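Participant: Sharing a structure here in structure tokens format.
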Amino acid sequence: MLRSVLSVIAATVLFSLANGAFAQKGTVYEPSAGNPGPSSGKIAWYGGKFNGRKTASGERFNASAMTMAHKTLPFGTRVRVTNLKTHKSVILRVNDRGPSSPDLVGDVTLAAAKKLGMAHSGIVEAKLEVVGRTPKRTAHKS
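1 is the number of the first residue of the sequence shown in our numbering; add one for each residue after it.
This is how it looks when you write it as structure tokens:
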């Protein structure tokens, strides 16, 4: 009986992770549906050692791209991120899961951090607003 229960739990977690969920310290964050309202919190930037590695969406990480990691927003979601200190903002596309710190609401690339004026400080308070979704690419038949 215990083996059956554990199998069901394991299958549920694996299914969730395969659908873009993010697990952190025993908590599974499911991608959100719909358009959540604006949120705010601390963001950080990441890059360097991650450059060229696969992101959770399967894309290669590119520190020069205008992308970000978020725990629950679906991949392809476009988010306006505003640095609450400088009031600079950028529109980023979610292509990764994270951040790994429970104190952060998002991670942005170095390129985004520079435009937000946070490359030197590393962590800032920011406002996140969903502004749309990147259309899915379709194969062209000739």
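All residues carry an ideal CB built from backbone N, CA and C; glycine is no exception.
Just so it is clear, the structure is predicted and the values come from calculations on it, not from any experiment.
Out of Ser39, Ala44, Pro38, which has the shortest C-alpha to C-alpha gap to Ala111?
Facilitator: Closest by alpha carbon: Ala44.
Participant: Quick one: Cα of Leu85 to Cα of Ile123, how far?
Facilitator: In the sequence as presented, Leu is not what sits at residue 85; that position holds Lys. Straight-line Cα distance between these residues: approximately 11 Å.
Participant: Could you give the DSSP three-state label for Gly48: helix, strand or coil?
Facilitator: Note: Gly48 maps to helix in three-state DSSP.
Participant: Using the rule of at least 16 other Cβ atoms within 10 Å of the residue's Cβ for burial, across every protein chain shown, is His120 buried or exposed?
Facilitator: Classification for His120: exposed.
Participant: So Ala126 is in the beta strand (DSSP E); what residue range does that whole segment cover?
Facilitator: Looking at the DSSP string, the run of the beta strand (DSSP E) that includes Ala126 is 123–133.
Participant: Over the uninterrupted alpha helix (DSSP H) stretch that includes Ala112, give me the two end residues.
Facilitator: First-last of the alpha helix (DSSP H) with Ala112: 110–116.
Participant: Quick one: what's got a C-beta closer than 8 Å to Ala126's C-beta in the same chain, skipping five residues either side?
Facilitator: Only Ser40, Gly41, Lys42, Ile43, Val81, Thr82, Asn83, Leu84, Val105, Gly106, Leu116 meet the Cβ criterion.
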